[in-house]
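In the order they appear, the protein sequences are chains Y and F. Take the position in the first sequence, starting the count at 1, then add 5; the result is the number in our numbering. Take the position in the second sequence, starting the count at 1, then add 5; the result is the number in our numbering. All residues carry an ideal CB built from backbone N, CA and C; glycine is no exception. Given the structure is predicted, the values throughout are model-derived calculations rather than measurements. Below you'll find the structure, written out as structure tokens, and then a few comments.
There are 2 protein chains.
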Amino acid sequence: MTSPTGRPAALPLAHADLSALLHAIARQPRCTRAYLTRLTGLSRGTVATRIEELIAAGLVVEEAGASKGGRPPGELRLNGAAGVILGADLGSSHCRVSASDLAGVPLASASYDLRIADGPAAVLGGLDEAFQGLLSSAGKRPSEVRAIGIGVPGPVEHRTGTVVRPPIMPGWDGFAIPEFFADRYGVPTLVDNDANLAALGEYWARKEDSEHILYVKISTGIGCGIVSGGALHRGAQGAAGDIGHIRVPGGEDLLCSCGNMGCLEAVAGGDALARRLRAQGVAEARTSRDVTRLAAEGNPFARRAVREASESIGRVLATLVSFYNPNAIVVGGPFAELNEELLAGIRSAIYHRALPLATRSLRVESSSRAETVGVRGAEVLALQQALSPEGLQQLLTARVGS
Amino acid sequence: MTSPTGRPAALPLAHADLSALLHAIARQPRCTRAYLTRLTGLSRGTVATRIEELIAAGLVVEEAGASKGGRPPGELRLNGAAGVILGADLGSSHCRVSASDLAGVPLASASYDLRIADGPAAVLGGLDEAFQGLLSSAGKRPSEVRAIGIGVPGPVEHRTGTVVRPPIMPGWDGFAIPEFFADRYGVPTLVDNDANLAALGEYWARKEDSEHILYVKISTGIGCGIVSGGALHRGAQGAAGDIGHIRVPGGEDLLCSCGNMGCLEAVAGGDALARRLRAQGVAEARTSRDVTRLAAEGNPFARRAVREASESIGRVLATLVSFYNPNAIVVGGPFAELNEELLAGIRSAIYHRALPLATRSLRVESSSRAETVGVRGAEVLALQQALSPEGLQQLLTARVGS
Chain Y
6 MTSPTGRPAA LPLAHADLSA LLHAIARQPR CTRAYLTRLT GLSRGTVATR IEELIAAGLV
66 VEEAGASKGG RPPGELRLNG AAGVILGADL GSSHCRVSAS DLAGVPLASA SYDLRIADGP
126 AAVLGGLDEA FQGLLSSAGK RPSEVRAIGI GVPGPVEHRT GTVVRPPIMP GWDGFAIPEF
186 FADRYGVPTL VDNDANLAAL GEYWARKEDS EHILYVKIST GIGCGIVSGG ALHRGAQGAA
246 GDIGHIRVPG GEDLLCSCGN MGCLEAVAGG DALARRLRAQ GVAEARTSRD VTRLAAEGNP
306 FARRAVREAS ESIGRVLATL VSFYNPNAIV VGGPFAELNE ELLAGIRSAI YHRALPLATR
366 SLRVESSSRA ETVGVRGAEV LALQQALSPE GLQQLLTARV GS
Chain F
6 MTSPTGRPAA LPLAHADLSA LLHAIARQPR CTRAYLTRLT GLSRGTVATR IEELIAAGLV
66 VEEAGASKGG RPPGELRLNG AAGVILGADL GSSHCRVSAS DLAGVPLASA SYDLRIADGP
126 AAVLGGLDEA FQGLLSSAGK RPSEVRAIGI GVPGPVEHRT GTVVRPPIMP GWDGFAIPEF
186 FADRYGVPTL VDNDANLAAL GEYWARKEDS EHILYVKIST GIGCGIVSGG ALHRGAQGAA
246 GDIGHIRVPG GEDLLCSCGN MGCLEAVAGG DALARRLRAQ GVAEARTSRD VTRLAAEGNP
306 FARRAVREAS ESIGRVLATL VSFYNPNAIV VGGPFAELNE ELLAGIRSAI YHRALPLATR
366 SLRVESSSRA ETVGVRGAEV LALQQALSPE GLQQLLTARV GS
């Protein structure tokens, strides 16, 4: 393998170094060699050599930065022309897709309705068409795709991308999604659940000092995506973040869909709130979206229910703050639209109960990019794979071949 | 720099690769090139080249493995002769120190009494003497030390090794421990709190598939060390694992040392139990060790108190299992000696409350190496630093120089 300059790129010898540098460049706007030296602990000379190799291989480009007197430091970014990343966020009734270049610049995006219950063949066939549409409108070829990330509304065995006993995805149990796309693109396809990908998307959109993020999705059920030190924490069986079935006080007589009594979801999930409102005579409360709408319209029963739910959720989050000490908790899902109502209750419980040190600079906020954070997280998952030591081999081969 | 074979070692160009390989070799008994290829995703050729470089640099040695017919695969380990790691576990009244070679083989260990309240000058002076004694009895020179790890019974700002407002370490607030040793050895000194180091020691003693560990220390206070994916999770302010101040049901009228009502520590910590026993007429219950001894002797009030405490702790841990999905929870501290009593209550609460998937292969056990796991964790922290891309530079320089 030779680089465009003709000299041997010698890249396979140092993939872990290169991978670390590429990740840092991808995450840091206006990235300089001095920053990379500080961040990685590599010597200045090593960083300089490696960056030259990455530029020669066409994966990194350099621009003159703003001068503060003297020679301006070169600003580094990934070379957008080096490939395309595809992302998808599959919901129960809706899908959002997007294509970005390797530098993270959006090329095209779309969204469309679907029924996840139609099963993998129909849904993934439709998704593939949507991907083709994005590529076509961005003027890119399928051979330029470097990795694909897909979020689904159910549990996933991440290593194989297999959907595992999903409550709201009939027909998907045991289906390995990456195999569907393997023949079509021949690139890595990464699959994860929607809360994990939203957590990753929120992490990526934040600054360097936000390494520990909890994304709490409040909908029919309640789940949580966990980022630790910039990477998803999935746990021993991939079950981490399943906070909907934590026991909470005051729910002792409430039966949860899991068969236990008093789970957070049975007290504060969307279905539970809708059921409680109907019992109070609010017949139109059928789903969590109805509850959201009623509360937004000022229905006092709905507002009261949301307020009580937010306190229960906040009490659980206070425990998790003491244990995990995150930089930020981001609340998403349909209830997150009730910004003030919901966050007030959650914040109140957390600040009342967690230790001052852990809440000193804790941010508790609703997702400012609720619609797109999932698909962005899917792209980030795919990009991280493409820039990993393993993925880098394929990236370099493809780069030389294309 | 040239290797013992005379050819340029060329090591500085690929520290991250080398660091990843050294970590894997350190952690995996009977490590083979095939294993490293699978683990790192590097190509077979790259692994072979890198291993030759590490052998040439004197950091790795190879032995013939057991033959299964055909040529036996070479088994790799770190070269013990390449350096010494020092570890210390400072308690409030006791210290344990140990020296190991780079391959993890123990060279010497000792323990002695101290009073942490005597302050940094006296305590660290004594510790330095203890280190000198270890080196002398192991026949090693101070110049062979590559890194030092130290555990303390209080909060630490890990980045600088500074003790921060420690409740039981008067005179230590704001003291930066690494500076004390910088002149004496000129090597990195890493400092962390005792629960974190015990978690790291437990992680290191376990097999490759135990990447997520909680170490729960139950003593006067209650704290937790967290390992995520093989690395300590310290959180945004280094406050992660502070589970003693999580609110628990049934403690509403109990004042905690932190000033709040109903913290886990106020319900189930050693001081709380001793106070409760005294209120029940058991005048000899003054400390958590008294409670442990009384319960072990069969005092029914003490046994009842320990049983109730274990259920409160178990309820909190059930929440953390649902959130974090660890491979194992290890219980340490003086109460851990009450193996059966304590673990029965904790296990019962966890299995009753956490989801089946998260408890399917969860191990809940007392530390089988309670006395030494802290100092072992201190050595692991120091070793990880020595093998990091940053530390590796120093290791190679020292190796060539020694």
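1) Where does residue 370(Y) sit, in a helix, a strand or coil, going by DSSP?
2) Between which residues of its own chain and residue 209(Y) is the CB-CB distance below 6 Å, once the five residues before and five after are set aside?
3) Just list the residues that DSSP pairs residue 154(F) with in beta bridges.
4) First and last residue of the beta strand (DSSP E) that includes residue 321(F)?
5) Thinking C-beta only, is residue 329(Y) closer than 8 Å to residue 61(F)?
6) Any C-beta of chain F within less than 9 Å: which residues of the segment 84-105 of chain Y qualify?
7) Using DSSP with H/G/I as helix, E/B as strand and the rest coil, what is residue 264(Y)?
8) Comparing C-alpha positions only, which one of 155(F), 80(F), 67(F) and 316(F) sits nearest to residue 355(F)?
9) In chain F, which residues lie with their C-beta within 8 Å of the C-beta of residue 263(Y)?
10) Applying a beta-carbon distance threshold of less than 7 Å, which residues of chain Y neighbour residue 325(F)?
11) Establish whether the CB of residue 270(Y) and some CB of chain F are separated by less than 8 Å.
12) Measure from the C-beta of residue 251(F) to each C-beta in chain Y and report whether the shortest distance is under 8 Å.
13) How many Å lie between residue 277(Y) and residue 150(Y) at the Cα?
14) What are the boundary residues of the beta strand (DSSP E) that includes residue 99(F)?
15) For residue 178(Y) and residue 199(F), I'd like the C-alpha separation in whole angstroms.
16) What residue range is occupied by the uninterrupted alpha helix (DSSP H) comprising residue 346(F)?
17) With residue 118(F) as the anchor, note down where its beta strand (DSSP E) starts and where it stops.
18) With residue 173(F) and residue 158(F) assumed to form a contact (beta carbons below 8 Å), what rounded beta-carbon distance in angstroms separates them?
19) Taking 8 Å as the cut-off, decide whether the C-beta atoms of residue 2(Y) and residue 142(Y) are in contact.
20) Please decide whether residue 27(F) counts as near chain Y, where near means a Cβ-Cβ distance under 8 Å.
21) Using 8 Å as the threshold, is the C-beta distance between residue 223(F) and residue 336(F) below it?
22) What's the C-alpha gap between residue 197(F) and residue 90(F)?
23) Can you give me the start and stop residues for the beta strand (DSSP E) that residue 299(Y) sits inside?
24) Which one of 344(Y), 301(Y) and 353(Y) has the shortest CA to CA distance from residue 4(Y)?
25) Which residues, in order along the segment 231-247 of chain Y, keep a beta-carbon less than 9 Å from a beta-carbon of chain F?
26) CA-CA distance, residue 48(F) and residue 117(F)?
27) Note down, in chain order, every chain F residue with its Cβ under 7 Å from the Cβ of residue 167(Y).
28) By how many angstroms is the C-alpha of residue 212(Y) removed from the C-alpha of residue 207(F)?
29) Please determine if the segment 185-195 of chain F and the segment 388-400 of chain F are in contact, where contact requires at least 3 C-beta pairs separated by less than 8 Å.
30) If distances are taken between C-alpha atoms only, which option among 81(F), 38(F), 92(F) and 56(F) comes closest to residue 390(F)?
31) Measure the C-alpha to C-alpha separation of residue 66(Y) and residue 401(Y) and round it to an integer number of angstroms.
32) Taking DSSP as the reference, what is the three-state secondary structure of residue 364(F)?
33) Distance check for residue 263(Y) and residue 324(F), CA to CA, integer angstroms please.
34) Report, in whole angstroms, the separation of the C-beta atoms of residue 128(F) and residue 115(F), which I expect to be a contact under 8 Å.
35) Could you name the residues of chain Y that residue 317(F) contacts, counting a contact when the two beta carbons are closer than 7 Å?
36) Hey, is residue 217(Y)'s beta-carbon within less than 8 Å of any beta-carbon in chain F?
This is what the structure holds:
1) strand
2) 385
3) 92(F) and 195(F)
4) Residue 321(F) -> not in any beta strand (DSSP E); alpha helix (DSSP H) instead, spanning 305-329.
5) no
6) none
7) coil
8) 316(F)
9) 360
10) 328
11) no
12) yes
13) 43 Å
14) 99-106
15) 44 Å
16) 344-358
17) 111-118
18) 6 Å
19) The first residue shown for chain Y is 6 and the last is 407, placing residue 2(Y) beyond what the model contains.
20) no
21) yes
22) 16 Å
23) It is not in any beta strand (DSSP E) - residue 299(Y) instead sits in the alpha helix (DSSP H) that spans 293-301.
24) Because chain Y spans 6 through 407 in this model, residue 4(Y) falls outside it and cannot be assessed.
25) 231, 233, 234, 236, 238, 239, 240, 241, 242, 243, 244, 245, 246 and 247
26) 49 Å
27) Those within 7 Å of residue 167(Y) in chain F number zero; the least Cβ separation is about 15 Å.
28) 33 Å
29) yes
30) 92(F)
31) 15 Å
32) helix
33) 16 Å
34) In fact, because the Cβ distance is near 15 Å, the residues do not count as touching under 8 Å.
35) Simply none; closest approach about 13 Å.
36) yes
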